[in-house]
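Here the structure comes first, spelled out in structure tokens, and everything after it is commentary.
Residue numbers (the working numbering): 312 to 518.
The following block contains the structure:
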């Protein structure tokens, strides 16, 4: 085995071990995904901050990818709530992915695949706000893991009706219509802009 392969294996193991140290003692967690590019004044950034604050006040820890934009807004919402962890699981990228200052626990991963898995492993629900390729990658990873039973039956919320509605139509008109997925697979997700509904349903899941 080549030396660089040995080093890579050590980095992979380190990713998982370090993340488990941060997360394993936490019970009630919700993961929030979304773009790193949105501004503080963006409507979805504001909704992410509002939702995370409401969840944190109900003793729910918030996990994000640790970057700016919607991730930073979500961490900010939970940051000042006592006895709650605002967690950022970051990764070094050439552009835009800089750690936000609103985390109480954080780490930087070496690899995307280990980061994506640890972002959701300990969570009871996933809330996906508008985002780009990275957010889509995270969404489809979770959908696949839940559909195939590799993760517990997590509930996934998509916030941003106008943003996501064409994706849902694609699922319905192409995937379902061609028997690539079952209709019940769509029940994994709820498309809504009603964060009160999301809060209520998540509290039922956890409590």
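All C-beta atoms, glycine included, are put in the ideal place defined by N, C-alpha and C. In this text the structure is predicted, and so the values were computed from the model without any measurement.
Do you know how far the Cα of residue 415 is from the Cα of residue 360?
16 Å
Could you check whether residue 381 and residue 535 sit closer than 8 Å to each other, using their CB atoms as the reference points?
This structure gives no information on residue 535, because the portion of the chain shown stretches from 312 to 518.
With a Cβ-Cβ cutoff of 8 Å, do residue 497 and residue 482 count as a contact?
yes
Provide the residue(s) that pair with residue 466 in DSSP beta bridges, ordered along the chain.
436
Whose C-beta lies closer than 7 Å to the C-beta of residue 514 among residues of the same chain, with five residues either side of it excluded?
369
Taking the beta carbon of residue 354 as the centre, do at least 16 other beta carbons fall within 10 Å, making it buried, or is it exposed?
exposed
Would residue 346 be called buried (16 or more neighbouring beta carbons within 10 Å of its own) or exposed?
buried
Below 6 Å CB to CB, which residues in the same chain sit around residue 421 once its five sequence neighbours on both sides are set aside?
322, 326
Close beta carbons around residue 495, own chain, < 6 Å, minus the five adjacent residues each side:
none
Using the C-alpha atoms, what's the distance from residue 469 back to residue 504?
8 Å
Apart from the five residues just before and just after residue 333, which ones in its own chain have a Cβ nearer than 7 Å to its Cβ?
398, 416, 418
Which value, in whole angstroms, describes the spacing of the CA atoms of residue 491 and residue 509?
28 Å
At 3 residues or longer, and completely inside the region 350-429: list those beta strand (DSSP E) runs for me, N to C.
372-375, 397-402, 416-420
Verify whether the separation of the beta carbon atoms of residue 465 and residue 437 is less than 8 Å.
yes
Exposed or buried, residue 472, counting other C-beta atoms within 10 Å across all chains shown (16 or more means buried)?
exposed
Bridge partners of residue 500, per DSSP?
467
Taking DSSP's pairing of strands, which residues face residue 344 in a bridge?
439
In three-state DSSP terms, what is residue 455?
helix
Separation of residue 432 from residue 486, as counted between CA atoms
26 Å
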